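J.: Mind looking over this structure? Questions follow.
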């Protein structure tokens, strides 16, 4: 689990694409993204169920390989697009 000064208590942030993919495959919804330098954190609503699922991931929880792979591809693409848009905005400001 990751909590930074920018994350309110009701938000759960993660930069771990595998953990994020696991949570998405478990049907937790992404609230958005926080870009800090070259890293992107994914925001979730912090609930007891989400925290339990996160601990399950770190303790070897099982999930369908197809659901996990699909979630991984989708979140990887979304994180990449978030970074690209930010880079394009920087270039436009120059």
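Numbering (my numbering), first residue to last: 417 to 510. Every residue, glycine too, gets a C-beta built ideally from N, C-alpha and C. Small disclaimer: the values here were computed from a predicted structure and weren't measured.
Distance, Cα to Cα, residue 421 vs residue 433?
T.: Summary for residue 421: the model assigns pLDDT 48, below 50, so the residue's position carries little reliability; its value from the coordinates is reported in the next sentence. Each residue's Cα considered, the two are about 21 angstroms apart.
J.: Using the Cβ count rule (16 or more neighbours within 10 Å means buried), how would you classify residue 481?
T.: exposed
J.: What's the call for residue 478, buried or exposed, on a 16-neighbour Cβ count within 10 Å?
T.: The C-beta of residue 478 has fewer than 16 other C-beta atoms within 10 Å across all chains shown, which makes the residue exposed.
J.: Three or more C-beta pairs closer than 8 angstroms, one from the segment 454 to 472 and one from the segment 483 to 490: is that the case here?
T.: Here the segment 454 to 472 makes no contact with the segment 483 to 490; the two share fewer than three CB pairs at distances below 8 angstroms.
J.: Kindly identify the DSSP beta-bridge partner or partners of residue 487.
T.: Answer is none; residue 487 lacks a bridge partner.
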